[in-house]
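Throughout the sequence shown, residue numbering follows mature numbering (1 follows the signal peptide of the UniProt record, and there is no 0), covering -22 to -1, 1 to 134 in sequence.
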Amino acid sequence: MKKIAAALVLATALAMPGLAYAKDLTIEAQIAAYRGPNTFLAIYVTKPDGSYDSTLWVAGQNQRYYRHLRNWVRGISSVGGNIDGISGASVGAGQTLTVHASLADSMIDAGYQIHVDSAVENGGEYANDVVMPLAQASSGVVATGTGYVQSLTVNF
């Protein structure tokens, strides 16, 4: 019995480090220069099949404008997600939002993607303003947005 217990302890000790690894990310979203109210952003991850996985950050704390971040709202609503503790102020024109997050190592180079939806009160809204693969090759690469996000950089 002691040999079985020792074998289980050893197997667990060898397997657990692989489960615990996390990759620290720094995400920088440079907002384009424009005249008008601050930008609301949702930065989130989708699975390889395109379905919603998790929210990394929401910029803009007035929830009545979240509906304009359409793809993110659709995704988070489908899983009953909660954004407590991962939201902050909206971002002004020409400013840079920096977000620090950790993701499981297993998500890197596995088909996951980082998405940014953007919107401005009484202005336009851009679902998938920027989409970037969560891949080692994308680290440090500058992706260009199609709306209020001028550029997005993910470093890990």
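The C-beta atom is built at its ideal place from N, Cα and C for all residues, glycine as well. Since the structure is predicted, the reported quantities are computational estimates derived from the model, not experimental observations.
Go ahead and pull the three-state DSSP assignment for residue i.
i           : result
Ile86       : coil
Tyr126      : coil
Tyr44       : helix
Ser68       : coil
residue 137 : With the chain covering -22 to 134 only, the question about residue 137 has no answer from this structure.
Gln114      : helix
For the beta strand (DSSP E) that residue i lies in, which residues bound it at each end?
i           : result
residue 136 : The shown model of the chain, from -22 to 134, leaves out residue 136, and the question about it has no answer.
Glu99       : Glu99 -> no beta strand (DSSP E), and no H or E assigned at all.
Lys1        : -1 to 9
Ala20       : 17 to 24
Find the nearest neighbour of residue i within the set the options, judged by alpha-carbon distance.
i     : options                      : result
Arg45 : Gln8, Ala121, Val98, Ser117  : Val98
Leu34 : Asp95, Ala121, Pro26, Tyr104 : Asp95
Residue j and residue i - do their beta-carbons sit closer together than 8 Å?
i      : j       : result
Asp116 : Ala(-1) : Looking at the sequence itself, residue 116 is Ser, so the reference to Asp does not match. Result no, Cβ atoms of Ser116 and Ala(-1) do not sit closer than 8 Å.
Gly72  : Ile9    : yes
Thr17  : Ser68   : yes
Ala20  : Trp50   : yes
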